[in-house]
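Please read the structure below before turning to the comments.
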Amino acid sequence: MKLITRSDFDGLVCAVLLKEVEQIDAIEFAHPKDVQDGEVAVTSNDILTNLPYVDGVGLWFDHHSSEEDRIGPDRGYKGEFEISPSAARVVYNFYKKKTDKLNRFSELLESVDKYDAAQLDREDVTNPKGWILLAFILDPRTGLGYHRDYKISNRQLMRKMIDLIASHSVDEILEMPDVKARIDRYFSSQDAYSQFMRIHSKQIENLVVTDLRGVKNAPAGNRFSIYLIFPQTNISLRIFDGKQGKNVVVAGGYSIFNRTANTDLGALFARYGGGGHKASGTCQLEIEESVDIINTIVGKIVLEG
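Under numbering that gives the first Met the number 0, the first residue of the sequence shown is numbered 0, with each subsequent residue one higher.
Listed below in structure tokens is the structure:
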């Protein structure tokens with residue numbers, strides 16, 4: 000079977016688990032919006048993880064609350080959907096009834112749950128270690144992939160990482176040259192990243208908006224540090240250019256330190272063709288309509304808190 004998964008830490012761990020229990024012949028990374036728009040071919044011989052549901056898929060595993068509303072209760076899919084800290088946890092829960100092969104990944108699963116649900120503390124943000132550090136290094140939102148001077152590309156590293164996670168300790172992985180090069184850049188960029196975020200962000204009552212449209216060569220950094228820079232806010236919005244500048248992406252999330260937010264971000268972004276969880280979400284907008292929709296999103300978040 001072919002596995003189609005998201006190119007992030009949760010998507011990778013889904014791949015690690017599924018390779019243990021299914022015959023996976025090929026792995027493809029896909030963006031949720033491309034899957035939702037029908038731009039990714041999906042067949043009955045495929046497994047979808049951490050991505051929107053597609054009719055006719057062989058197996059589907061997901062945990063995003065917006066999918067529950069989008070597909071309804073009676074789609075008759077094979078696999079598992081549940082509101083869970085991570086899609087990897089959904090995969091584990093499904094197969095643990097059938098095999099004990101996945102038990103050795105318990106520590107890894109705790110870390111992917113913690114990371115994907117953003118149950119992080121200040122130390123995880125300012126000085127991450129272990130699996131949490133690896134999660135930040137592999138996360139596209141950290142921005143390391145914009146740099147092209149590595150020996151292998153980020154996409155190549157992601158493919159390599161599936162087998163590495165299954166066969167090596169996290170300490171061994173963090174010392175590997177392709178990973179260490181990214182770790183060194185991550186830590187050396189932190190001051191520049193904080194200054195960059197101050198320049199491109201503004202606070203609107205409970206909300207901090209970071210507008211990166213038209214911005215090139217942003218330093219790599221920890222996206223959660225915005226909540227240390229703007230501690231009075233409880234939600235952040237990041238606005239940036241989409242692929243090839245053809246659209247505008249809006250991504251939102253709850254503060255992981257000031258946990259007083261009320262707005263259902265997944266439901267809000269689902270109105271505009273996106274989705275997510277209550278505490279985080281994203282959508283892609285046509286450039287012509289993006290200004291009005293962004294203003295509406297900002298107003299809704301400020302109104303609801």
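Built from N, CA and C at the ideal position, the CB exists for glycine as well. Nothing here was measured: the structure is a model prediction, and the numbers come from that model.
- Taking a 10 Å sphere around the C-beta of residue 289, we find 16 or more other C-beta atoms and assign the residue as buried.
- The bridge partners DSSP lists for residue 246 are 285.
- Just so you know, the alpha carbons of residue 208 and residue 275 end up roughly 18 Å apart.
- By the Cβ test, the segment 217–233 is in contact with the segment 176–191, since at least three Cβ pairs between them sit closer than 8 Å.
- Fully enclosed beta strand (DSSP E) runs of no fewer than 3 residues are not present anywhere in the segment 127–170.
- For residue 219, there is no enclosing beta strand (DSSP E), as DSSP marks it with neither H nor E.
- Segment contact: the segment 148–165 against the segment 2–20, three or more CB-CB distances shorter than 8 Å; contact assigned.
- The alpha-carbon separation between residue 52 and residue 90 amounts to approximately 15 Å.
- Residues 262, 267 of the same chain have their beta carbon placed closer than 8 Å to that of residue 299, with the five preceding and five following residues left out of the count.
- Per the C-alpha coordinates, the member of 249, 130, 81 positioned closest to residue 111 is 130.
- By the C-beta density criterion, residue 36 is exposed, having fewer than 16 other C-beta atoms within 10 angstroms.
- With three or more CB-CB distances shorter than 8 Å, the segment 135–144 counts as touching the segment 174–182.
- The alpha carbon of residue 99 has as its nearest neighbour, out of 118, 16, 50, the alpha carbon of 16.
- Only exposed fits residue 197, as fewer than 16 other CB atoms lie within 10 angstroms of its CB.
- Under the three-state reduction of DSSP output, residue 180 falls in the helix class.
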